[in-house]
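*Asks:*
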Amino acid sequence: MSATQRAGADRIESTSLDPQDWDAFRADAHRMLDDMIDYIAEVRERPVWQPMPIEVQASFRETLPRGATPLAEVYRDFTDHIAPYATGNVHPGFMGWVHGGGTAVGMLADMLAAGLNANCGGRNHVGIEVERQIVRWVRELFGFPETASGVFVTGSSMANAMALLVARTHALGPQVRDRGLDGAVPTAYASAAAHGCVTQAADLAGLGRDALRRIPFDDRHRMDIGALREQIAADRAAGLKPFLVTGSAGTVDVGAIDDLATLAELCRDEGLWFHVDGAFGSLGMLSPQIAPKLKGLSEANSVALDFHKWGQVNYDAGFLIVRDGEAHRATFAAPAAYLRRETRGLAAGSHWPCDYGPDLSRGFRALKTWFTLKTYGTERLGAMIANTCAVARHLEARVRREPKLELLAPVELNIVCFRHRDAREGSDIDAFNAAIVADLHESGIAAPSATTIDGKFAIRAAIVNHRTACEDVDRLVDAVLRFGAAREHK
Ligand SMILES: *Cc1c(COP(=O)(O)O)cnc(C)c1O
């Protein structure tokens, strides 16, 4: 009898949830792992996405399961009803929104993290140390000082909201945490092209969405800094309290990068907090070709970023870095008897991640990020990021060559916005292009998303997945032309 079998036998009478037969469990587990490796390795043979049939949806309307079901049977449900209907962002044909492709390495790391089942809210254990390693690496990558703090969060939506709170507490003083705004009317600034979560952050913080001034952008979709200066001056004159400017490093629509160096200077002059929403673009620092476009990022007071986008870390792995770690802690740390800090034992090792954000219990996101950075190395990751931009330029060139297609925005990084022309008299070109996007999704060939550029409906292809190659964007264009022609001749 092996030790694991003995341990299993001892627990037969207990209510432990461990398997009674570890060998049978091991066989199930190996099959799942092998299947999932095949799922990733053979992703090109499947459609990018497919709609869920009614029966599949119905299978998720069961009543609460009172009895047990063998693991192998639950797994069969997964292979039949779940795996085939996932988002599709593992597939190289997925070009919608800004979704990373993930890696097989990240999948393994997530499994290992689940095995450890570490709670990384705090305490004295290696999960916190690995997260600190990532903080040090991000400092190094962004040229931030030793005093900078960082913390994993779900995504940049959360990181941008937390950055606004840090900037608010820094501007109004720590008493704002107790007394609220107390009559002050703080205002924040971002480009009208900034992500919706930047406005949402003002809402969540109780400032109201109007407190976020949306500044117009230029023809390259970069914030108009003259207009920003005027708005700040007007707000000061009206007795409001400007406190924060958020620059975008890669706007979600077209991948534009605000003039971060000039914004940094303006914020220094005006005494404002300079935050960068670097959700996907800031990891461009990994590429020697892209890093120069991000000049000024190193001067930010804080940066929100997502390892799960260009970094290809499996979901989710958002991150916030703050230059002044004291200001960061002063926003979130709170004494609590049950979170007492000690100098020895498992309660040692303060400060803890829970001092840097609203989450207390949190998983081990740092592990999959650590595995990804170490396994691939920053040179290879940087080359992969640069390559997504090269694939986008290939797509841009193809769109420019096709007489039926029209480019709708400059291609700064990895996002291409275009549309199909419509020669038919009096037809609605926006509806025509929206129908083409839905045709693409349903065909399973490619999954771009859509946006509006200068009032025009745009087919938007964001090349984020490391697997997406030139032939994939060519397949996208071929399919757009085919579906467009079919609709024109209807
Ligand atoms: C994706 C994105 C966000 C939101 O990040 P999540 O990780 O989805 O919460 C914010 N800003 C920009 C520019 C983004 O691309």
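So the mapping is simple: my numbering equals the position in the sequence shown, first residue as 1, plus 223. Ideal Cβ placement from N, Cα and C applies to all residues, glycine included. Quick caveat, the model's predicted, so the values are computed rather than measured.
1) Would you mind reading off the limits of the beta strand (DSSP E) that contains Lys464?
2) Among the candidates Ala428, Met334, Leu395 and Thr592, whose CA atom is the shortest distance from the CA of Gly773?
3) What number of angstroms, rounded off, separates the C-alpha of Ala685 from the C-alpha of Val477?
4) Between the stretch 451-459 and the stretch 469-483, do three or more beta carbon pairs fall short of 8 Å?
5) Helix, strand or coil for Tyr412, going by three-state DSSP, please let me know.
6) Is Ser510 buried or exposed, if buried means 16 or more other CB atoms sit within 10 Å of its CB?
7) Considering only the alpha carbon of each residue, which of Asn342, Gly311, Asn312 and Gln280 lies closest to Asp300?
8) So the candidates are Thr485, Trp272, His304 and Trp575; which of them puts its Cα closest to the Cα of Glu721?
9) Is Cys420 near ligand 1, with its Cβ less than 7 Å from a heavy atom?
10) For a minimum of 4 consecutive residues, which ranges assigned as the alpha helix (DSSP H) are wholly contained in the stretch 350-426?
11) Quick check on the DSSP output: the alpha helix (DSSP H) that includes Ser672 runs from which residue to which?
12) Do Val271 and His322 have their CB atoms nearer than 8 Å?
13) With distances taken from CA atoms, which of Leu663, Arg391 and Leu335 is nearest Trp496?
14) Should Asn637 go down as buried or exposed, given a rule of 16 or more other Cβ atoms within 10 Å for buried?
15) Identify which residue in Lys516, Ala264, Gly600 and Gly316 has its Cα closest to the Cα of Asp697.
16) So the candidates are Leu590, Phe367, Gly473 and Glu236; which of them puts its Cα closest to the Cα of Ala332?
17) Less than 7 Å separating the Cβ of Ala541 from some heavy atom of ligand 1?
18) Determine the direct distance from the alpha carbon of Thr554 to that of Lys464, and round the result to whole angstroms.
19) What three-state label does DSSP hand Asp491 in the structure shown?
20) Specify, as a first and last residue, the run of the alpha helix (DSSP H) that Gly605 falls within.
*Replies:* Straight from the coordinates:
1) One-based indexing of the sequence shown puts residue 464 at position 241. Segment Lys464 to Ser471, the beta strand (DSSP E) holding Lys464.
2) Any question about residue 773 goes unanswered here, given that the chain covers just 224 to 713.
3) Here residue 685 refers to the residue found at position 462 of the sequence shown. Here residue 477 refers to the residue found at position 254 of the sequence shown. Cα to Cα, Ala685 sits roughly 8 Å from Val477.
4) no
5) Within the sequence shown, numbered from 1, the residue matching residue 412 stands at position 189. Tyr412 falls in the strand class under three-state DSSP.
6) Residue mapping note: residue 510 aligns to position 287 of the sequence shown, counting from 1. With 16 or more Cβ atoms within 10 Å of its Cβ, Ser510 is classed as buried.
7) Within the sequence shown, the letter at position 77 stands for residue 300. Among Asn342, Gly311, Asn312 and Gln280, the Cα nearest to that of Asp300 belongs to Gln280.
8) Residue numbering for the chain in the displayed model covers 224 to 713; residue 721 lies beyond these limits and cannot be assessed.
9) Here residue 420 refers to the residue found at position 197 of the sequence shown. Yes, the beta carbon of Cys420 sits closer than 7 Å to at least one heavy atom of ligand 1.
10) Those alpha helix (DSSP H) runs which fall completely within the stretch 350-426 and span 4+ residues are 379-395 and 399-402.
11) Translated into the one-based positions of the sequence shown, residue 672 becomes position 449. Counting along the chain, Ser672 falls outside any alpha helix (DSSP H), though it belongs to the beta strand (DSSP E) covering Ala670 to Ile676.
12) Taking the sequence shown and counting its residues from 1, the one referred to as residue 271 is at position 48. Taking the sequence shown and counting its residues from 1, the one referred to as residue 322 is at position 99. Cβ atoms of Val271 and His322: not closer than 8 Å.
13) Residue mapping note: residue 496 aligns to position 273 of the sequence shown, counting from 1. When each option's Cα is compared against that of Trp496, the closest is Arg391.
14) For this step, residue 637 is matched to residue 414 along the sequence shown. Label assigned to Asn637: buried.
15) Translated into positions along the sequence shown, residue 697 becomes position 474. Relative to the Cα of Asp697, the nearest Cα in the group Lys516, Ala264, Gly600 and Gly316 belongs to Gly316.
16) To locate residue 332, count along the sequence shown from 1; it is residue 109. Nearest of Leu590, Phe367, Gly473 and Glu236 to Ala332, Cα basis: Leu590.
17) Counted from its first residue, the sequence shown places residue 541 at position 318. Per the sequence shown, the amino acid found at residue 541 is Gly instead of Ala. True, at least one ligand heavy atom lies under 7 Å from that Cβ.
18) Here residue 464 refers to the residue found at position 241 of the sequence shown. Here residue 554 refers to the residue found at position 331 of the sequence shown. Their backbone Cα atoms lie some 19 Å apart in a straight line.
19) Locating residue 491 in the sequence shown gives position 268, where the first residue counts as 1. Looking at the sequence shown, residue 491 is not Asp but Arg. Helix.
20) Taking the first residue of the sequence shown as 1, we reach residue 605 at position 382. From DSSP, the alpha helix (DSSP H) with Gly605 extends over Arg588 to Arg624.
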